[in-house]
Amino acid sequence: MVLANALNNSKKQRQPLLQVENLTKVFGSGKNEVIAVDDVSFEIYPGEIISLLGESGSGKTTTARMILRLSQPTRGRILFKGKDIQAMKGVDYWRQVQAIFQDPFSSFNSFYSVHSFLSKAFRLKGNHVSKSQQRAMMEEAMKKVGLNAEELLFKRPHELSGGQRQRLMIARALLISPELLIADEPTSMIDASSRVGILNMLMDLSRNLGMSIMFITHDIGLAYYTSDRLLIMNKGRIVERGPSVEVVENPTDEYTRRLLADVPTLSKRWAL
Amino acid sequence: MKNLLEAQNLKAYYRLVDGIQIRAVDGVTLELRPNEVLGIAGESGCGKSTLAAVISLTHNPPLHVIDGEVTANGFDLLRLPKEQARREIKGKYISVVPQGAMNALNPTQRVRNFAIDMLQEHQPDMTKQDAVDLARARLQELSLPERVLTSYPHELSGGMKQRTVIVLSTLLNPKVLIADEPTSALDVSSQRAVIRLLMTLLDEQIITSIAFITHELPLLRQVADRIAVMYAGKLVEVGTMEEIIFQPQHPYTKALMGSMLVPERHVREQRIEGIPGVPPDLKNPPAGCRFHPRCTQRIEWCTQEEPPPKTVGDRTTWCWLMH
Amino acid sequence: MGEVLVLVLRSRRFMIGAILFLAVLCFGVIGPRVTDRNPFQMVGGLFNPPSEKAILGTDNLGRDVFTQLMYGTGTSLLIGFVAGVVATGIGVTIGAVAGFKGGLVDELLMGITNVLITIPAIVVLILLSIAIRSRSAVVMGVIIGITSWPWTARAVRAQTSSLRTREHVDLARISGYTTAELIVKEILPYMFSYIFMAFILQFSAGITNEATLSMLGLGPYQTVSLGVMLHWALLWEAVRTGAWWAFLPPVVFLAVASFSLMLINAGLDEVFNPRLRKS
């Protein structure tokens, strides 16, 4: 605990990697106006793992999409290393900020092989990586995520299992080796026994490469296991934030309390 | 009181073209006792949903029962004429809420039509008015809003839809409710509301027992009296909730319990390891114990011969280490 | 891909359609190359009935109807094909851009499309045909094509706006793909079957549109097409004089050409939309 606090303190002194300031997203207008994200602010520090935790409709995915520049904020701004991301060149930004998506099925274009899926990653590197270098890097990345390149490299998505696809997405992120990885429900389609393996892999990557990870999830157990800090989101707002252990053990917000009470745990049986 | 439902050495395979068989349920013997919630747990593809389909008589080709029997209420269910099963068993003795049932409601019809269809299916002489009255009375009794009957499915939240489907599926007071993943895809608060409803149905003695199929062991910790753990088409361990959750014996149960991520201290105090490898292909399962390729404690026997069951008290384990 | 091919070849509708179409195509493409006759060459008198010299008789100027039918079929297929390519090309481009971009671009492009849908295409066709002086077969095809794309555009737009929300499109975007690359590489492949079917329908409609225009006297110059043959037959009162050989053969060929394409389309529809398949 002491070590973790010391680590947190040293992070606080460093410059944040990503700063989200008063981020707001409004869909529709007039009567149909929906405020999906409502004045959200937070920072992510280098090497840190955090979770943006919320139920469906909380605005967590919309927040993630804005951070990834897949959606424009209505108000507020996002700074990466102090620069407004809207002012950066797309490829320059995406070389440093990458994502793993939720659905390992719809994340693959069924017309292209694993090889061409992975080779897309090299566009962000410019053109100075030769074909044979690319091949070697792909094989290495696949090995790191526990996949056999020889067997899988020229397969089509429908020949792969959900777990293999999810690992491939991580391999793709590895090839780009970003400074921040947004992981949107990266294990929702994966069985419990394999889920931990994938999360451990991501945590090791963060530790070994100094990569920051932001999990976007509804799974409190996942967030608690992986993250240094939690941000709890409800109806477009961040209602509670803090170190994972503190938030889970001493929630102060009413919504967080209810959420935690409704999550089945092993130690207690619900009074029903 | 006798067991409400018994499966004896049940084998149910999917028969694909070219004579390929997927041995989804491969020799399962299990009973549902009176006044209990039996959890049937396992990961995707372990055969738990197939088992649910067979014991609720809702299986269809290409799924075929190859061997074994299912008995309930003195009937040999698998050899019962279809018409008789429909009139005397389904809905009245055994009711089922299949996986994703809430999304199977017809979007163009008001919810009450589901109640009417479901009641007239099993009780053809019932009038529409009687059916709706029965449904309304039951909703009142369970303090759920009556308006759901006149609503269209899209007007209800996921949790409300699922609760409605459960209430309407149990209107004829079946002894047995088979619920296949009734809370998956729901927010935690709706999940808890569904669980609360199931418990109320038991307390009010509207139903006698529940077979609760899920991949979430922490959920079974909350509701189950006994738990049966399946792996690759077979049972690996059956016991009381406390035995399975707190003192699992089978290496698979242990590993599965060990990979549960719950927001509790022990999860952060050590690195949790999942189970390396993937479940076997049920077209061609491994010899011996089906878990042996992934088992860290396997001995030579495990690769050669199937482990026979070993029963101590309420617990039965299929593992050579127990012998 | 292999499975699709097997299903296509198993579809009776597709096979009948394909055989009929290939027969018409061979007649119209190979015929003119093997015959030594010219469709404008006089071989007999006015409306001679079928005989050994002219197996389908002669037309109003004593020209051989069978030779005209071979050349005319070729020309009509060419016009239909060009019309199909142009209409599908414009429709897919406009629909994909509108559906993918959304917002103002979408509203503008779909506004234009909807206006064009409400104006009867035949009126635009007639005006365009009158305005353009030198009408070769290819120009005819282009004219027909640029008046018949709006329905394709609407359908493609609807599909694109649903496909663009898929995660692989997002993943390609954060890999630095440009909008054009996203549309071509990530969206269009998923619509390939649909686009191909739309093309077949446009092809078929192109053939019948040519016939309509040509019968009104707005057909291609210096060449014979099935529609031009009907125009002549109409002009010289072949029907009233009982010269069935002058108008019946082109009508039959028009019907077979467009019907065979419809059958191909229906067969493909069965394959790509499994719900339509009979079990």
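Chains as they are written, first to last, in this note's numbering: chain F, 9 to 280; chain L, 132 to 454; chain Z, 189 to 467. By construction, the Cβ of each residue, glycine as well, lies at the ideal position given by its N, Cα and C atoms.
As assigned by DSSP and simplified to three states, the class of residue i
{"i": "residue 130 of chain F", "result": "helix"}
{"i": "residue 407 of chain Z", "result": "coil"}
{"i": "residue 155 of chain L", "result": "strand"}
{"i": "residue 48 of chain F", "result": "strand"}
{"i": "residue 188 of chain L", "result": "coil"}
{"i": "residue 302 of chain Z", "result": "helix"}
{"i": "residue 419 of chain Z", "result": "helix"}
{"i": "residue 252 of chain Z", "result": "strand"}
{"i": "residue 381 of chain L", "result": "coil"}
{"i": "residue 248 of chain F", "result": "strand"}
{"i": "residue 458 of chain Z", "result": "helix"}
{"i": "residue 219 of chain L", "result": "helix"}
{"i": "residue 453 of chain L", "result": "helix"}
{"i": "residue 331 of chain L", "result": "helix"}
{"i": "residue 169 of chain L", "result": "strand"}
{"i": "residue 149 of chain L", "result": "helix"}
{"i": "residue 340 of chain L", "result": "strand"}
{"i": "residue 396 of chain Z", "result": "helix"}
{"i": "residue 281 of chain L", "result": "helix"}
Backbone CA spacing between residue i and residue j [nearest angstrom]
{"i": "residue 376 of chain Z", "j": "residue 343 of chain Z", "result": "13 Å"}
{"i": "residue 150 of chain F", "j": "residue 174 of chain L", "result": "25 Å"}
{"i": "residue 458 of chain Z", "j": "residue 385 of chain Z", "result": "11 Å"}
{"i": "residue 442 of chain L", "j": "residue 374 of chain L", "result": "13 Å"}
{"i": "residue 111 of chain F", "j": "residue 387 of chain Z", "result": "33 Å"}
{"i": "residue 417 of chain Z", "j": "residue 434 of chain Z", "result": "8 Å"}
{"i": "residue 250 of chain Z", "j": "residue 211 of chain Z", "result": "27 Å"}
{"i": "residue 350 of chain Z", "j": "residue 425 of chain Z", "result": "54 Å"}
{"i": "residue 202 of chain L", "j": "residue 138 of chain L", "result": "7 Å"}
{"i": "residue 293 of chain L", "j": "residue 277 of chain Z", "result": "47 Å"}
{"i": "residue 423 of chain L", "j": "residue 202 of chain F", "result": "17 Å"}
{"i": "residue 425 of chain L", "j": "residue 368 of chain L", "result": "16 Å"}
{"i": "residue 335 of chain Z", "j": "residue 455 of chain Z", "result": "27 Å"}
{"i": "residue 168 of chain L", "j": "residue 312 of chain L", "result": "14 Å"}
{"i": "residue 423 of chain Z", "j": "residue 357 of chain Z", "result": "57 Å"}
{"i": "residue 350 of chain L", "j": "residue 315 of chain L", "result": "11 Å"}
{"i": "residue 224 of chain L", "j": "residue 136 of chain L", "result": "10 Å"}
{"i": "residue 257 of chain F", "j": "residue 277 of chain L", "result": "39 Å"}
{"i": "residue 414 of chain Z", "j": "residue 332 of chain Z", "result": "16 Å"}
{"i": "residue 197 of chain L", "j": "residue 414 of chain L", "result": "15 Å"}
{"i": "residue 427 of chain Z", "j": "residue 248 of chain Z", "result": "12 Å"}
{"i": "residue 290 of chain Z", "j": "residue 452 of chain Z", "result": "33 Å"}
{"i": "residue 252 of chain L", "j": "residue 158 of chain L", "result": "32 Å"}
{"i": "residue 305 of chain L", "j": "residue 338 of chain L", "result": "6 Å"}
Amino acids of chain L, ordered along the chain, whose beta-carbon sits closer than 8 Å to that of residue i
{"i": "residue 346 of chain F", "result": "The shown model of chain F, from 9 to 280, leaves out residue 346 of chain F, and the question about it has no answer."}
{"i": "residue 208 of chain F", "result": "402, 403, 404 and 405"}
Interface residues of chain F facing residue i [CB-CB closer than 8 Å]
{"i": "residue 156 of chain L", "result": "Here the premise fails: no neighbours, minimum Cβ distance about 18 Å."}
{"i": "residue 461 of chain L", "result": "An answer regarding residue 461 of chain L cannot be provided, because it is not within the stretch 132 to 454 covered by chain L."}
{"i": "residue 390 of chain L", "result": "200, 201, 203 and 204"}
{"i": "residue 346 of chain L", "result": "199 and 200"}
Contact list for residue i against chain F, beta-carbon separation under 7 Å
{"i": "residue 272 of chain L", "result": "Going along chain F, no residue has its Cβ under 7 Å from residue 272 of chain L, so there is no contact; the nearest lies around 17 Å."}
{"i": "residue 315 of chain L", "result": "The premise fails here: residue 315 of chain L is roughly 11 Å from chain F at the closest Cβ pair, so nothing lies under 7 Å."}
{"i": "residue 393 of chain L", "result": "229, 273 and 274"}
{"i": "residue 292 of chain Z", "result": "Within chain F, no residue comes near residue 292 of chain Z; the closest Cβ sits about 14 Å away, beyond 7 Å."}
{"i": "residue 386 of chain L", "result": "201"}
{"i": "residue 359 of chain Z", "result": "109 and 115"}
Expected contact under 8 Å - CB spacing of residue i and residue j to nearest Å
{"i": "residue 176 of chain F", "j": "residue 130 of chain F", "result": "So it is not a contact: roughly 15 Å between Cβ atoms."}
{"i": "residue 98 of chain F", "j": "residue 364 of chain Z", "result": "6 Å"}
{"i": "residue 106 of chain F", "j": "residue 165 of chain F", "result": "So it is not a contact: roughly 19 Å between Cβ atoms."}
{"i": "residue 26 of chain F", "j": "residue 108 of chain F", "result": "Their Cβ separation, rounded to whole angstroms, is 17 Å, which puts residue 26 of chain F and residue 108 of chain F out of contact at 8 Å."}
{"i": "residue 262 of chain Z", "j": "residue 217 of chain Z", "result": "6 Å"}
{"i": "residue 459 of chain L", "j": "residue 289 of chain L", "result": "This structure does not reach residue 459 of chain L, given that chain L is present from 132 up to 454, and the question cannot be answered."}
Closer than 9 Å at the beta carbon, the chain B residues around residue i
{"i": "residue 288 of chain L", "result": "Protein chains in the displayed structure are F, L and Z, and chain B is not among them."}
Residues bridged to residue i (per DSSP)
{"i": "residue 426 of chain Z", "result": "Answer is none; residue 426 of chain Z lacks a bridge partner."}
{"i": "residue 142 of chain L", "result": "L:157 and L:198"}
{"i": "residue 120 of chain F", "result": "DSSP, once it has assigned bridges, lists no residue as partnering residue 120 of chain F."}
{"i": "residue 92 of chain F", "result": "F:87"}
Amino acids of chain L, ordered along the chain, whose beta-carbon sits closer than 9 Å to that of residue i
{"i": "residue 55 of chain F", "result": "The contacting residues do not exist; residue 55 of chain F stays about 18 Å from chain L at best."}
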